[in-house]
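Chains as they are written, first to last, in our numbering: chain D, 102 to 293; chain C, 16 to 260.
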Amino acid sequence: MGKLLIIVISMVLVDNYPLAQFLGICPFLGVSNDLDSAKGMGIAVTFVMALATIVTWPIQQLLDKFGIGYLQTVVFILVIAALVQFIEMFMKKNMPPLYKSLGIFLPLITTNCAVLGVCISNIDDGLNYIESIFQAVGAGIGFLFALIIMAGVRSKLQDQSRMPESFRGVPIVLTTAAIMSLAFMGFSGMFS
Amino acid sequence: MAEANKKSKMSILTNGLIKENPVLVLVIGTCPTLATSTAVETGLGMGLAATAVLVCSNIVISALHTLIPDKVRIPCFITVIAGFVTIVQMLLQAFVPSLYSALGLYLPLIVVNCIILGRAEMFASKNNIVDSALDGIGMGLGFTLTLLIMGTIREILGTGTWLAGDWFGLAPGFKGIALQSRFIPGMSIMTQVPGGFFVYGCVMAAVHYFTKDKSKIRNSFGCDGCAMEEVCTDADKAAEKGAVA
């Protein structure tokens, strides 16, 4: 139990995906301009990460059994794409309110490198099934966490701040992210 | 006639270098850019690997685009791209193991690099094979060029050397060109995560400054250049509708 807790906390703070490992930067920069969509995107990513891990971990065991582990990339991305499509259809039909708030982010998640990244790094780290699922959930929560902080900062940036003309837009967001990741570096070494 | 044709071919090739540079102007493919530009060597390796995949997938997709049904085109594109990524992965593992381990997780993640899917969707599925190949080369070189610039800045500031590395096994133990005094330690923060974000932001601001009126830099994250543009606009509409209801 203690180990699982450590996995989750270290994925949220120490190995935070956007701020410490450069995974999922596109949505981190793209969807962080207002708080509501940041929340929606973060929750949807967490959900898909957990489900994708639940599905891909057993598949990897199957691939290894037949000695075709090199097909990992192809199989994983197709499984994730199919899974996302399936979740979207299921939500649309059975849970319309949830679909309205989260469903719109689902198509964007297929090409999010954080999802494929967590599935592959679970295998690379040699974690067992339960640990993998906890790692995926932790990664998702960390992503949500970073996205919400960024959305909060950006809402202040857009309104009244003065900055050089060339820094407007994306460059200032990247510079802000640099300072945020500097703060997150303070967590490194917490569990070693 | 031939002259005009030649010119347009040239413009397809150079389009990706500066005018529509995928990383600095369209702001796609940011993850590998930040992660692998810690030094010139890894940046170059990443750039070339992605370029190879991009050119091959562009050629195959433009050859197949009349056969692929419109509704399932994204999964089809992803399958083609994933196939080429696997080939590149296996080749690197066999012939350049040092680069393979340096790129690590980011090598299989070329699959979800938005540049490749984006070009497949926006260019290769609408144009002929030769144009698509040229577009792939141009965009790939634009990506590589950006990685080289960022790798240069981060390596010089971070470790005080330039071009260090064993260059894919060709120059084992090459220490690089020392550009800093031995008494001034490198700012290792530049090769770490914050340095990546900071240098990327500054390079983009510099491009913005020098091309103020000549090229259209995106001020915000619009939708052009993104592979999921169509889906995303639909999603926006759905969100608006939801807000009204």
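Where a beta carbon is used, it is the ideal one built from N, C-alpha and C, also for glycine.
Rank the options by C-alpha distance to the C-alpha of residue i and give the top, closest one.
i	options	result
Ala-145(D)	Pro-265(D), Gly-241(D), Glu-266(D)	Gly-241(D)
Ile-155(D)	Met-281(D), Ser-202(D), Ile-224(D)	Ile-224(D)
Ile-152(C)	Arg-169(C), Gln-207(C), Ile-131(C)	Ile-131(C)
Pro-208(D)	Pro-272(D), Ile-181(D), Asn-195(D)	Ile-181(D)
Gln-295(C)	Gly-44(C), Glu-170(C), Ile-93(C), Thr-45(C)	What the structure shows of chain C is the stretch from 16 to 260, and residue 295(C) is not part of that stretch, so it cannot be assessed.
Val-95(C)	Ile-108(D), Lys-140(D), Leu-172(D)	Leu-172(D)
Arg-88(C)	Ala-50(C), Val-218(C), Gly-133(C)	Gly-133(C)
Val-126(C)	Gly-227(D), Lys-104(D), Leu-179(D)	Leu-179(D)
Pro-159(D)	Leu-130(D), Gly-103(D), Ser-111(D), Gly-227(D)	Gly-227(D)
Thr-35(C)	Leu-160(C), Ile-204(C), Ile-74(C), Met-165(C)	First, the residue type needs correcting, since residue 35(C) is Glu and not Thr in the sequence shown. Closest by alpha carbon: Leu-160(C).
Leu-122(C)	Ala-135(C), Gln-104(C), Pro-112(C)	Gln-104(C)
Arg-255(D)	Pro-272(D), Glu-189(D), Asn-117(D)	Pro-272(D)
Ala-342(C)	Leu-152(D), Gln-259(D), Phe-292(D), Gly-270(D)	Residue 342(C) lies beyond the residue range present for chain C, which begins at 16 and ends at 260; the question has no answer from this structure.
Cys-71(C)	Asp-146(C), Leu-32(C), Val-111(C), Val-42(C)	Asp-146(C)
Leu-184(D)	Phe-244(D), Ala-153(D), Asn-195(D), Pro-198(D)	Ala-153(D)
Leu-258(D)	Ala-278(D), Ala-237(D), Met-192(D), Gly-243(D)	Ala-278(D)
Gly-243(D)	Thr-157(D), Val-115(D), Leu-106(D), Met-102(D)	Val-115(D)
Cys-220(D)	Gln-186(D), Phe-206(D), Met-142(D), Gln-162(D)	Gln-162(D)
Met-142(D)	Val-176(D), Thr-276(D), Leu-203(D), Gln-186(D)	Leu-203(D)
Gly-290(D)	Phe-191(D), Lys-193(D), Ser-111(D)	Ser-111(D)
Met-25(C)	Leu-59(C), Met-154(C), Tyr-224(C), Ile-164(C)	Met-154(C)
Val-214(C)	Phe-110(C), Leu-107(C), Thr-45(C)	Thr-45(C)
Thr-57(C)	Ile-93(C), Leu-114(C), Gly-31(C)	Leu-114(C)
Val-149(D)	Val-176(D), Thr-174(D), Ile-188(D), Tyr-118(D)	Ile-188(D)
In three-state terms, what does DSSP make of residue i?
i	result
Ile-43(C)	coil
Ala-179(C)	coil
Ala-221(C)	helix
Gly-192(C)	It is worth fixing the name first, because residue 192(C) is Ile in this sequence and not Gly. Residue state, collapsed to three classes: strand.
Val-259(C)	Caution applies to Val-259(C), whose pLDDT of 39 falls short of 50 and renders its modelled position unreliable; the value that the coordinates give is listed next. In this structure, Val-259(C) counts as helix in the three-state DSSP scheme.
Asp-239(C)	In this prediction, Asp-239(C) has a pLDDT of 46, which is less than 50 and means its spatial position is unreliable; what the coordinates show is noted afterwards. If DSSP states are grouped into helix, strand and coil, Asp-239(C) belongs with coil.
Gln-122(D)	coil
Val-149(D)	helix
Met-137(C)	helix
Thr-159(C)	helix
Leu-82(C)	coil
Asn-128(C)	coil
Arg-269(D)	coil
Asn-234(C)	For Asn-234(C), the predicted structure reports a pLDDT of 45, less than 50, and the residue's modelled location is therefore unreliable. A value from the coordinates is still provided. In this structure, Asn-234(C) counts as coil in the three-state DSSP scheme.
Val-246(C)	Low confidence applies here, because Val-246(C) scores a pLDDT of 49, under 50, leaving its location unreliable; read the following figure in that light. Here Val-246(C) sits in helix by DSSP.
Pro-37(C)	coil
Gly-153(C)	helix
Ala-54(C)	coil
Pro-200(C)	coil
Gln-104(C)	helix
Arg-88(C)	helix
Ile-169(D)	coil
Asp-135(D)	coil
Leu-122(C)	coil
Ala-17(C)	Per-residue confidence for Ala-17(C) stands at a pLDDT of 46, beneath the threshold of 50, marking its modelled position as unreliable; no derived number is given.
Can you pull the chain C neighbours of residue i, defined as C-beta to C-beta under 8 Å?
i	result
Thr-157(D)	What Thr-157(D) touches in chain C: nothing, since even the nearest Cβ is about 13 Å away.
Thr-154(D)	Within chain C, no residue comes near Thr-154(D); the closest Cβ sits about 15 Å away, beyond 8 Å.
Thr-218(D)	The identity of residue 218(D) in the sequence shown is Gly, whereas the question assumes Thr. Going along chain C in sequence order, the residues near Gly-218(D) (Cβ under 8 Å) are Leu-120, Leu-124.
Leu-182(D)	The identity of residue 182(D) in the sequence shown is Ala, whereas the question assumes Leu. Residues of chain C passing the Cβ test: Ile-89, Pro-90, Ile-93.
Ala-121(D)	Val-208
Using the beta-carbon of each residue, which ones in chain D are nearer than 7 Å to residue i?
i	result
Ala-220(C)	Ser-267, Phe-268, Pro-272
His-223(C)	Ser-267, Pro-272
Leu-132(C)	Thr-212
Cys-71(C)	Going along chain D, no residue has its Cβ under 7 Å from Cys-71(C), so there is no contact; the nearest lies around 15 Å.
Val-4(C)	Examination of residue 4(C) is not possible in this model, given that chain C is present from 16 through 260 alone.
Residues of chain C with CB closer than 9 Å to the CB of residue i, please, in chain order.
i	result
Leu-179(D)	Pro-90, Ile-93, Thr-94, Ala-97
Tyr-230(D)	In chain order: nothing, as chain C lies at least about 20 Å away.
Ile-221(D)	Leu-120, Pro-123, Leu-124
Val-113(D)	The premise fails here: Val-113(D) is roughly 16 Å from chain C at the closest Cβ pair, so nothing lies under 9 Å.
Closer than 8 Å by beta-carbon distance: list the chain D residues that pair up with residue i, in chain order.
i	result
Val-68(C)	Correct list: empty, because the minimum Cβ distance to chain D is about 11 Å.
So residue i contacts chain C; which residues on that side make the cut at Cβ distance below 7 Å?
i	result
Ala-278(D)	Phe-212
Is residue i near the ligand SAM, with its Cβ less than 7 Å from a heavy atom?
i	result
Val-214(C)	Inclusion of the ligand SAM in the displayed structure is not the case, the ligand content being empty and no account of it being possible.
Any contact between the segment 135-143 of chain C and the segment 97-112 of chain C? By contact I mean 3 or more CB pairs, one from each, below 8 Å.
The segment 135-143 of chain C vs the segment 97-112 of chain C: no contact.
Below 8 Å, how does it come out for the segment 161-168 of chain D and the segment 280-291 of chain D: are there three or more Cβ pairs, yes or no?
no
Using 8 Å as the Cβ pair cut-off and three pairs as the minimum, do the segment 118-128 of chain C and the segment 54-66 of chain C touch?
yes
Decide yes or no for the touch test of the segment 275-282 of chain D against the segment 205-224 of chain C: beta carbon pairs closer than 8 Å, at least 3 of them.
yes
Which of the residues in the segment 204-219 of chain C, read from start to end, lie with their CB under 9 Å from any CB of chain D?
Ile-204, Gln-207, Val-208, Pro-209, Gly-210, Gly-211, Phe-212, Phe-213, Val-214, Tyr-215, Gly-216, Cys-217, Val-218, Met-219
May I ask you to list, following chain order, the residues of the segment 44-63 of chain C that have a beta carbon less than 7 Å from some beta carbon of chain D?
Thr-45, Cys-46, Leu-49, Ala-50
Using 8 Å as the Cβ pair cut-off and three pairs as the minimum, do the segment 41-55 of chain C and the segment 78-92 of chain C touch?
no
Would you be able to state if there are at least three C-beta pairs under 8 Å between the segment 121-128 of chain D and the segment 208-217 of chain D?
For the pair of segments examined, the segment 208-217 of chain D was found to touch the segment 121-128 of chain D: the number of CB pairs separated by less than 8 Å reaches three.
Contacting positions in the segment 98-111 of chain C - beta carbon closer than 8 Å to chain D
Gly-98, Val-100, Thr-101, Gln-104, Met-105
Inter-stretch contact at 8 Å, needing at least 3 Cβ pairs: the segment 242-257 of chain D / the segment 123-137 of chain D:
yes
Using a Cβ-Cβ cut-off of less than 7 Å, list which residues of the segment 126-148 of chain D approach chain C; keep chain order.
Ile-126, Cys-127, Leu-130, Gly-131
Which of the residues in the segment 21-44 of chain C, read from start to end, lie with their CB under 9 Å from any CB of chain D?
Val-42, Ile-43, Gly-44
Using Cβ-Cβ distances below 9 Å, what residues of the segment 232-258 of chain D are close to chain C?
Residues of the segment 232-258 of chain D with a Cβ closer than 9 Å to any Cβ of chain C: none.
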